[in-house]
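Number of protein chains: 2
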Amino acid sequence: MDGFAARYPAVAHTFVAALDDDVSLDDEAAHHLSRVRRVRSGDVITAADGRGRWRPYAVANVRPGAVDLRAQQPPVDEPRLEPRLVVAFALTKGAKPDLVVQKLTELGVDGVTVVAARRSIPRWSVERAGAAVARLGRIAREAAVQSRRARLPEVDGVLPVSDLERRPGLVVADPEGGDPASLPAPSTGEWVLLVGPEGGFAPDEAAALDGDRLRLAPHVLRAETAAIAGAALLATKRTQAPEPPA
Amino acid sequence: MDGFAARYPAVAHTFVAALDDDVSLDDEAAHHLSRVRRVRSGDVITAADGRGRWRPYAVANVRPGAVDLRAQQPPVDEPRLEPRLVVAFALTKGAKPDLVVQKLTELGVDGVTVVAARRSIPRWSVERAGAAVARLGRIAREAAVQSRRARLPEVDGVLPVSDLERRPGLVVADPEGGDPASLPAPSTGEWVLLVGPEGGFAPDEAAALDGDRLRLAPHVLRAETAAIAGAALLATKRTQAPEPPA
Chain A
111 MDGFAARYPA
121 VAHTFVAALD
131 DDVSLDDEAA
141 HHLSRVRRVR
151 SGDVITAADG
161 RGRWRPYAVA
171 NVRPGAVDLR
181 AQQPPVDEPR
191 LEPRLVVAFA
201 LTKGAKPDLV
211 VQKLTELGVD
221 GVTVVAARRS
231 IPRWSVERAG
241 AAVARLGRIA
251 REAAVQSRRA
261 RLPEVDGVLP
271 VSDLERRPGL
281 VVADPEGGDP
291 ASLPAPSTGE
301 WVLLVGPEGG
311 FAPDEAAALD
321 GDRLRLAPHV
331 LRAETAAIAG
341 AALLATKRTQ
351 APEPPA
Chain B
111 MDGFAARYPA
121 VAHTFVAALD
131 DDVSLDDEAA
141 HHLSRVRRVR
151 SGDVITAADG
161 RGRWRPYAVA
171 NVRPGAVDLR
181 AQQPPVDEPR
191 LEPRLVVAFA
201 LTKGAKPDLV
211 VQKLTELGVD
221 GVTVVAARRS
231 IPRWSVERAG
241 AAVARLGRIA
251 REAAVQSRRA
261 RLPEVDGVLP
271 VSDLERRPGL
281 VVADPEGGDP
291 ASLPAPSTGE
301 WVLLVGPEGG
311 FAPDEAAALD
321 GDRLRLAPHV
331 LRAETAAIAG
341 AALLATKRTQ
351 APEPPA
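Those protein sequences? They're chains A and B, same order as listed. Here the first sequence is numbered in the working numbering, starting from 111 and rising by one per residue. Here the second sequence is numbered in the working numbering, starting from 111 and rising by one per residue.
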């Protein structure tokens, strides 16, 4: 048992507030299980707390608007993947932040940060940014259910690019950068992959970014493709953290 | 000069029937250049023949519905990337073949093959399949313009999975497979990455697939994410073909 909820033979996955022996769901999670996944009594599902612990449950009862679960085993700690991986992507004209957040979550990132670069379009107001980031958080949660993750990625923003200039572990997506094979492991235990807007960063903005440069593909990538491809490339360079000493 | 049209300092890219010294465009390409990219006389663009040659042109004239180009240099041969890379993906419920074809084209694949697996939904009729594949070809062309490719990927299908069972260079996306780092180079000079439908291949279908197994990510990926992530991973293992002997 390597601890990955995604490999447990379950028919569905959900998030719960606490991994108690008996859990009753009566919200969106119940709707998802009963109406979308069509679980029935006796089916085995996995439930996670969003912070790295998960537990197999049997469906005890499906009632109108509610699903009752009964634990089958003690909770399991999901091993962390190292280094941590955060992807920061610049809002850009025609960009698809929903698509990016969904795909990054499937690919196992620990965090997604929305960035406003000089050439970013649109510029979100503070109020609109707050609502938009909250919505991206819900998209991440849905994707984490689909991908059977035990941890929810942190979604935050909107940050100016300057906030990331000297961030330890910074990796800048750059068509003139190096290959993934030659990217060193971060001394901080975390990579922060920064993907610029359509048309790239402004020259002075790019010059101020103190990080490794990574080439993602031989051709020109749309901003959302760069974020997804970058996450896929760095994901394969991550390994399971060793068990903490007992 | 490494030959990559994508790195030439041009404001736009297009495909032309022949790389003549003087070219007049009067179709969708003219519309794209004049209305979407808003090129003006004197701007430098690149044009490719779709088969690996490209050439820089200056915009000589923008007329209603037409754009005239004047070559700036002799044609350039784009180096091939080796091994060749074809991605075959199974139609699947909720899948987004348009998204997959667009992203695979950006990531530089040589071919995209649409596959019908046992668990594929929907099953396209022969007539509908023909129209759908033709439409995917147009999406690939648009993405190749965006990515400034010199070669258009071949889009074909719909093939039954059994047609790929013994295909040389077959690589099967599989959560229990090996890491990209341990994937051997194909003896045939071509990888054919096969991505199954949502829920995977049927057991006998999977057993008949005679190829290397490749794990793409630690978590469960939607079918379209698997195709995109797989293309990104294999793209970084490709290198420029040496110049052919003169």
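Glycine included, each C-beta is placed from N, C-alpha and C at the ideal position. Note that the structure is a prediction, hence the values are computed from the model and not measured.
Residues near B:ALA139 in its chain [Cβ-Cβ closer than 6 Å; skip 5 each side]: Once the five neighbours on either side are set aside, the close Cβ partners of B:ALA139 are THR124.
8 Å Cβ cutoff, A:PHE114 in contact with chain B: Judged by the 8 Å Cβ criterion, A:PHE114 is in contact with chain B.
Per DSSP, cross-strand counterpart(s) of A:LEU280: Answer is A:VAL302.
Backbone secondary structure at B:MET111 - three-state DSSP: Legend: pLDDT at B:MET111 = 40, less than 50; position of this residue unreliable, no value from coordinates given.
For A:GLN182, three-class secondary structure by DSSP: Coil.
Cβ-based contacts, 9 Å cut-off: residues of the segment 152 to 169 of chain B near chain A: Those residues of the segment 152 to 169 of chain B that come within reach of chain A (Cβ to Cβ, closer than 9 Å) do not exist; the list is empty.
Chain A within 8 Å of B:LYS203, Cβ atoms only: Residue contact check for B:LYS203 against chain A: no CB pair falls below 8 Å.
Contact under 8 Å by Cβ, B:VAL357 with B:VAL271: For residue 357 of chain B there is no data in the structure shown, the boundaries of chain B being 111 and 356.
Inter-residue spacing [alpha-carbon to alpha-carbon] between A:LEU324 and A:ARG251: Roughly 28 Å separates the two Cα atoms.
Length at least 4, wholly inside the segment 191 to 275 of chain B: the alpha helix (DSSP H) runs in chain order: DSSP runs (the alpha helix (DSSP H)) wholly in the segment 191 to 275 of chain B: 207 to 216 and 236 to 256.
Chain B within 8 Å of A:ASP208, Cβ atoms only: At a cut-off of 8 Å between beta-carbon atoms, A:ASP208 makes no contact with chain B.
Three-state class that DSSP yields for B:SER151 in the structure shown: Three-state DSSP puts B:SER151 in coil, outside helix and strand.
Buried or exposed by the 16-neighbour rule on C-beta atoms within 10 Å, applied to A:LEU344: Buried.
Residues that B:LEU191 contacts on chain A, provided the C-beta gap is smaller than 8 Å: Listed along chain A, the residues sitting closer than 8 Å to B:LEU191 by beta-carbon distance are PRO328.
Residue-chain proximity (B:GLU308, chain A), Cβ-Cβ < 8 Å: Answer no: the Cβ-Cβ gap between B:GLU308 and chain A never drops below 8 Å.
Interface flag, B:GLU285 vs chain A, CB-CB below 8 Å: In the sequence as displayed, the identity of residue 285 of chain B is Pro instead of Glu. Yes - at least one Cβ of chain A is within 8 Å of the one on B:PRO285.
Listed by chain order, chain A residues near B:GLU216 by CB distance under 8 Å: What B:GLU216 touches in chain A, judged by beta-carbon distance under 8 Å, is ALA327, HIS329, VAL330, LEU331, ARG332 and THR335, going in chain order.
Euclidean distance between Cα positions of A:LEU326 and B:GLU216: Approximately 11 Å, taken between the alpha carbons.
Where the alpha helix (DSSP H) through B:ASP314 begins and ends: Its alpha helix (DSSP H) spans residues 313 to 317.
Supposed close pair A:ALA295, A:VAL197 - CB separation, criterion 8 Å: Their Cβ separation, rounded to whole angstroms, is 17 Å, which puts A:ALA295 and A:VAL197 out of contact at 8 Å.
Cβ distance (whole Å) where A:PRO189 is taken to contact A:ARG165 below 8 Å: Rounded, the Cβ-Cβ distance is 16 Å, inconsistent with contact.
Within chain A, partners of B:ARG148 - CB distance below 7 Å: Within 7 Å Cβ-Cβ: nothing; B:ARG148 doesn't reach chain A, min ~14 Å.
Buried or exposed (CB count within 10 angstroms, at least 16 for buried), B:THR298: That one is exposed.
Beta-carbon proximity of B:LEU319 to B:LEU304, cut-off 8 Å: In terms of Cβ geometry, B:LEU319 and B:LEU304 form a close pair [threshold 8 Å].
Exposure label - B:GLU264; buried when at least 16 CB within 10 Å: It is exposed - the Cβ of B:GLU264 has fewer than 16 other Cβ atoms within 10 Å.
Proximity test, Cβ basis, 8 Å: B:LEU262 and chain A: For B:LEU262, the nearest beta carbon of chain A is not closer than 8 Å to its own beta carbon.
Pair within 8 Å by beta-carbon distance, A:ALA316 and A:GLY309: No.
Per-residue contacts from A:SER134 into chain B (C-beta, under 8 Å): Going along chain B, no residue has its Cβ under 8 Å from A:SER134, so there is no contact; the nearest lies around 26 Å.
Cβ distance (whole Å) where B:LYS213 is taken to contact B:PRO290 below 8 Å: By a beta-carbon distance limit of 8 Å, B:LYS213 does not contact B:PRO290. Their separation comes to about 18 Å.
Residue-chain proximity (A:THR223, chain E), Cβ-Cβ < 8 Å: The displayed structure is made up of protein chains A and B, and chain E is not among them.
Buried or exposed by the 16-neighbour rule on C-beta atoms within 10 Å, applied to A:PRO278: Exposed, by the Cβ-count rule.
Span separating the alpha-carbon of A:VAL211 from that of A:GLU237: For A:VAL211 and A:GLU237, the distance between alpha carbons rounds to 20 Å.
Chain B within 8 Å of A:ASP289, Cβ atoms only: Answer yes: the Cβ-Cβ gap between A:ASP289 and chain B drops below 8 Å somewhere.
C-beta neighbour in chain A for B:ARG194, strict 8 Å: Closer than 8 Å: no.
Validate contact between the segment 127 to 136 of chain A and the segment 252 to 260 of chain A using beta carbons, cut 8 Å, 3 pairs: Using a Cβ-Cβ distance cut-off of 8 Å, the segment 127 to 136 of chain A and the segment 252 to 260 of chain A are not in contact, since fewer than three pairs of beta carbons, one from each stretch, lie closer than that value.
Closer than 8 Å to chain B by CB, A:ILE231: At least 8 Å separates the CB of A:ILE231 from every CB of chain B.
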